[in-house]
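In order, the protein sequences belong to chains G and Y.
For the record, in the first sequence the residue sitting at position 49 is 185 according to my numbering, with numbers rising by one throughout.
For the record, in the second sequence the residue sitting at position 109 is 1121 according to my numbering, with numbers rising by one throughout.
Everything below concerns the one structure shown next.
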Amino acid sequence: GAVVSQHPSRVICKSGTSVKIECRSLDFQATTMFWYRQFPKQSLMLMATSNEGSKATYEQGVEKDKFLINHASLTLSTLTVTSAHPEDSSFYICSASGGPWSNEQFFGPGTRLTVL
Amino acid sequence: DQQVKQNSPSLSVQEGRISILNCDYTNSMFDYFLWYKKYPAEGPTFLISISSIKDKNEDGRFTVFLNKSAKHLSLHIVPSQPGDSAVYFCAASALDSGAGSYQLTFGKGTKLSVIP
Chain G
137 GAVVSQHPSR VICKSGTSVK IECRSLDFQA TTMFWYRQFP KQSLMLMATS NEGSKATYEQ
197 GVEKDKFLIN HASLTLSTLT VTSAHPEDSS FYICSASGGP WSNEQFFGPG TRLTVL
Chain Y
1013 DQQVKQNSPS LSVQEGRISI LNCDYTNSMF DYFLWYKKYP AEGPTFLISI SSIKDKNEDG
1073 RFTVFLNKSA KHLSLHIVPS QPGDSAVYFC AASALDSGAG SYQLTFGKGT KLSVIP
């Protein structure tokens, strides 16, 4: 199956700093990428959907100014958590889809963010 | 309002027996259903899917059944193996024309433990 990588796998930062998480599709062109957040013992919650070259579509309740998403190429999307606070600590997972009308999503390994 | 429900947070099964994981949904717009397996601190990995036009899909030890009238699907694993121990997420897909993509809605997951 298709491979999606995320970097870093875990990051610890101080409150008030910004953190960038990269999501790459390694062997296919991902026209659509998704960013999820998972709290302990909770489901994966979709944060935003991004199509290459256009602005991300954010889910209700997700602050677009806090969670900046850039999908500049067909193989790379980035999520920047700006001015991170302890409540932003979570497990962030990206997924990639091979086409805008594709049902299949391939998930990255996730990034554990801890904000002190 | 939870559109995809996995009412059993955990399930224990003896090795060699059948594991049955259940999932219910409420949104009749869902037309594609997927099961993912997830280990702690990792991204989900795709297991098996089923289109709404089918009622059964089989892949090796894994079979997914869909009952559209009951809005219910189930994943059968037989025979169960200790390596199957993980959290299993049910996901349902519907087209989001605004975002231009199929979006997944996840259940909260069921933790399967296969006892040797």
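Note that the Cβ used here is the ideal one computed from N, Cα and C, for glycine as well.
Only a predicted model underlies this, so the values are computations on that prediction, with no experimental measurement involved.
Fill in: Nearest-angstrom beta carbon gap, Y:A1104 and Y:F1045 [assumed within contact, 8 Å]
Taking the second sequence and counting its residues from 1, one reaches residue 1045 of chain Y at position 33. Taking the second sequence and counting its residues from 1, one reaches residue 1104 of chain Y at position 92. Sure, about 5 Å apart at Cβ, within 8 Å.
Practice prompt. Drop a sphere of 10 angstroms on the beta-carbon of G:G197, count the other beta-carbons inside from all chains shown, and report buried for 16 or more, exposed for fewer.
Written response: Residue 197 of chain G sits at position 61 when you count from the first residue of the first sequence. Per the 10 Å Cβ criterion, exposed.
Worksheet item: Which whole-angstrom value describes the C-beta separation of G:G234 and G:A138, a residue pair presumed to lie in contact below a C-beta threshold of 8 Å?
Response: Sequence index remark: in the first sequence, residue 234 of chain G carries index 98 (1-based). Sequence index remark: in the first sequence, residue 138 of chain G carries index 2 (1-based). That pair is a contact at about 7 Å.
Worksheet item: Between G:L252 and the rest of its own chain, which residues show a CB-CB distance below 6 Å, the 5 nearest in sequence each way excluded?
Response: The residue you call residue 252 of chain G lines up with position 116 of the first sequence. K150, listed in sequence order.
Worksheet item: Is the beta carbon of Y:K1068 less than 8 Å from the beta carbon of Y:Y1100?
Response: Start at 1 with the first residue of the second sequence, and residue 1068 of chain Y comes out as number 56. Start at 1 with the first residue of the second sequence, and residue 1100 of chain Y comes out as number 88. No.
Item to complete: Using a cut-off of 8 Å between C-beta atoms, extract the partners of Y:Q1115 located in chain G.
Response: The residue labelled residue 1115 of chain Y in the question sits at position 103 within the second sequence. In chain order: F170, L182, T185.
Fill in: Delimiting residues of the beta strand (DSSP E) encompassing Y:E1070
Mapped onto the second sequence, residue 1070 of chain Y falls at position 58. Per DSSP, Y:E1070 belongs to the beta strand (DSSP E) from 1068-1071.
Worksheet item: Helix, strand or coil for G:E223 per DSSP?
Response: Numbered from 1 along the first sequence, position 87 holds the residue referred to as residue 223 of chain G. G:E223 falls in the helix class under three-state DSSP.
Discussion item. Tell me the rounded alpha-carbon separation between Y:G1095 and G:R173.
Written reply: As a position in the second sequence, residue 1095 of chain Y is number 83, starting the count at 1. As a position in the first sequence, residue 173 of chain G is number 37, starting the count at 1. So the alpha carbons of these two residues sit roughly 26 Å apart.
Discussion item. So, for Y:Q1093: in the same chain, excluding its five sequence neighbours on each side, which residues have a beta-carbon less than 7 Å away from its beta-carbon?
Written reply: Counting from 1 along the second sequence, the entry for residue 1093 of chain Y is found at position 81. Answer for Y:Q1093: E1027, V1126, listed in chain order.
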